[in-house]
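261 is the number that full-length UniProt numbering gives to position 261 of the sequence shown; each next residue is one higher, with no gaps.
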Amino acid sequence: MDDSEVCGRAADTSMSMTEFRTCVRDTGLVQLPTTGCPYTWHNCSEGPRSLWKRLDRMLVNPAWLDAWPSSSYLCALPSTSDHSPLILAGMNRGDENAIFRFDNFLTRIPGFLNSVEEIWKHRIAGTASAGEITLAETWGSNSKVFFRKINASRVKQRNLFGGPSLNRSLDLEFLRPELKHTITPAEASLLTAPVTRSEVKEAFFDIDVESAPGPDGYTSEFYRAAWSVVGQDLFKAVGEFFHTGKLLKQINTTLIALIPKVNMPLYVSDYRPISCCNVLYKAITKIIVKRIHRILPLMIDNSQNAFVPGRSITDNILLAQELLAGYNQMRLPNRCTLKVDIQKAYDSVEWDFLLEVLRTENKSSKEPDYFIPISAAGTATDTGLLGFQEGTLPIKYLGIPLTSSRLTMSDCRPLIDKVEARLAGWNHQNLSYAGRLQLIKSVLSTLHMYWASAFILPKGILKILEKKMRRFLWHGSGNAKVAWEQICKPKQEGGLGIRSLMIMNQALMLKQLWRLIQNDGTSIWVEWIQRHRLRQSTIWTFNGATGSWGWKKLLKLRPLLQRGVIYKVGDGSSFSLWQDVWHERGPLCLTFPRGPVITVISPLSSVLQRNQWSWPASTDADIAEIISQLPPTQPSAADMICWRSSSGKYTTKSAVSLIQPTSSYLLGRFAAR
């Protein structure tokens, strides 16, 4: 049928062959996959007259492929005939219980929308949600026996902890005074308000088209492409849920895939469950999440940083590091830290049980000295009695080492092993320079970012990581064609755009200082530093004599921070006159002779009267120079601290650009312009 099926002569272009090709195309026949000989007929000649052709083939229609999707055929060697025998294989029928899967490429086939319109004309009696699940298959009936066994097991385990479980309802009104925030009527109405069409459409279009489909087999790409047809019904289905609070089990059904977390998983805990939900379920969830997004930070205490928008889990690491400061010094009094890990507490521990224990002990859950005092002589006995394991620093906390002294090579070994594990799977692949470069930029350069957001990593560790990246780029050879410093430059300066690990580490840690000068009220670490480290001083004038090793390292980045911040003076009420860098000369306490008139804790507004600067009279030359360089004020506006970026907000990208040394050649070209 084409030149690839003939050897020794050009393909047949006669009218009959043209008609045959047209017939195959018009009838929708397809050729089964084939293995073995590429040709099925030989003219039994040798030399220039030898001719091989594929004359024999197996053509099937779509119905055949539906019945036998794995079928194929083998072209065997000819024996007595000049034609090769064709042997049909793979006649196993497809799984009759196979789950429907929608392929995104179908939306690009002409006539797709027409076919959806044709099917959508058939209305289905019942709820609005029922119309969205006509092609979904449920497996709830197959799991009834399984859930009966689970329920029976729960009944048998009621004697956990040596007695029956608590069945009485608990009155938790006594906890109300401890709550920092309760939902107001306005916030409650926001959560339960009827959904709008734009709200529903935005939720569906925010779902990734490449995400795995749920039990119904549809992806969000289907709903996007057919929105003009199915959008109204989807709006009704979502609105029905928000009106009734009920969801059909066909929609509220999830496929769970277990992804191994280790190389050789042995236990259930070695797997990470991934839930594949229906698109309609995801859209409803997105709407709820977006609505609750506004009040969630108010309802959850600042000590909980994971899964709350605007908070960072590194706050827990930074705070724990401060609490362990000095644990390696023998001259300090004895101290003890308890690391409590309630593994899957929401599954294995009943809240009424925990509250009852607290009542029995006559203790508040907020008391910091729950197991204090613990004498040094009785530590071993007490830890064994309570079921604790006595450990020494460093310990693993939230995936990274926690120590009271500087990080060592052995502490950072897990990070190096992580990079080496990635490289081990790539070194044997035939990758081009462009492919290796892309893997370095998108994968290897990001593996250290979690660590780099909590610590100033040792330079030796960063050099080891960059050495491994460099060897990978040059195919394992130590003979680099270009210096690594040149490669890490931006592309416009002749580099390859790989970010220096040290510069990236500094940019990520600068964000912590930025949050500190912004007085981020959502950060428990910022609150603790302000109260116990800085007290009445600011980050600019703090001497850094006390604190953890990480805090002292962080303070060394203050010169970089000062290059990036801009203090915009408004009414001056929130800036410190002496200790903030609102003036171009930096903190004035370093050069200005403070007198008894203006105290060290005075705000900047103390020298502002009637929208004008009002400084005490002085003949000091430094004071005269400072007064001549005063920035303009905006008394009607609030004080602002901005970052040197287009948006005025801190971004890691802008910080990297600030730290990255710029080529003198480019500076000369820009100056010439």
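Heads up, the beta-carbon is just placed ideally off N, CA and C, and yes, glycines get one too.
Please state whether DSSP places residue i in a helix, a strand or coil.
i    : result
H42  : strand
Q506 : helix
C276 : strand
L160 : Because L160 sits at a pLDDT of 37, beneath the cut-off of 50, its placement in the model cannot be relied upon, and the point is left open.
Q609 : strand
Y73  : strand
I313 : coil
L338 : coil
V482 : coil
K53  : strand
I259 : strand
I87  : strand
G36  : strand
C7   : strand
C589 : helix
G494 : coil
Q232 : helix
C23  : helix
Y327 : coil
Y218 : coil
T300 : As written in the sequence, residue 300 is Ile, which differs from the Thr given in the question. Correct three-state label for I300: coil.
Y650 : coil
D66  : helix
V200 : helix
S445 : helix
T18  : helix
Between the alpha carbons of residue i and residue j, how many angstroms are there, rounded?
i    : j    : result
S602 : S404 : 36 Å
R168 : L247 : For R168, the predicted model reports a pLDDT of 49, less than 50, meaning its position is unreliable; a value from the coordinates is still stated below. In a straight line, the C-alpha of R168 is about 29 Å away from that of L247.
C276 : K201 : 21 Å
I300 : I183 : 12 Å
D56  : P48  : 23 Å
H293 : W643 : 26 Å
L473 : K286 : 41 Å
L534 : F542 : 7 Å
Q530 : G521 : 11 Å
R515 : S312 : 11 Å
L296 : I524 : 16 Å
K491 : K649 : 25 Å
I256 : P215 : 10 Å
F20  : A89  : 26 Å
P62  : D233 : 31 Å
I317 : G217 : 41 Å
A424 : I119 : 51 Å
G111 : T27  : 18 Å
N506 : T538 : Looking at the sequence itself, residue 506 is Gln, so the reference to Asn does not match. One C-alpha to the other measures close to 21 Å.
K553 : I274 : 39 Å
E221 : R335 : 58 Å
Q609 : L577 : 14 Å
M17  : T446 : 58 Å
Mind checking residue i: buried by the 16 CB within 10 Å criterion, or exposed?
i    : result
P260 : exposed
R197 : exposed
C75  : buried
H532 : exposed
C488 : buried
H583 : buried
I328 : It should be pointed out that residue 328 corresponds to Asn in this sequence rather than to Ile. Under this definition N328 is an exposed residue.
I109 : exposed
Y223 : buried
D639 : buried
N479 : exposed
F237 : What sits at residue 237 in the sequence shown is Ala, not Phe. Buried, since its Cβ has 16 or more Cβ neighbours within 10 Å.
A306 : exposed
G547 : buried
Bridge partners of residue i, per DSSP?
i    : result
Q31  : L59
T254 : C277
C642 : I566
L402 : I395
S576 : P603
Y271 : P260
If I'm right that residue i touches residue j with Cβ under 8 Å, what's the distance once you round it to whole angstroms?
i    : j    : result
L465 : H448 : 6 Å
W484 : R499 : Not really, about 12 Å apart at Cβ, beyond 8 Å.
S453 : T651 : That pair is no contact at about 14 Å.
A186 : A283 : Going by Cβ atoms, the distance from A186 to A283 rounds to 25 Å, so no, they are not a contact pair.
V116 : A226 : 5 Å
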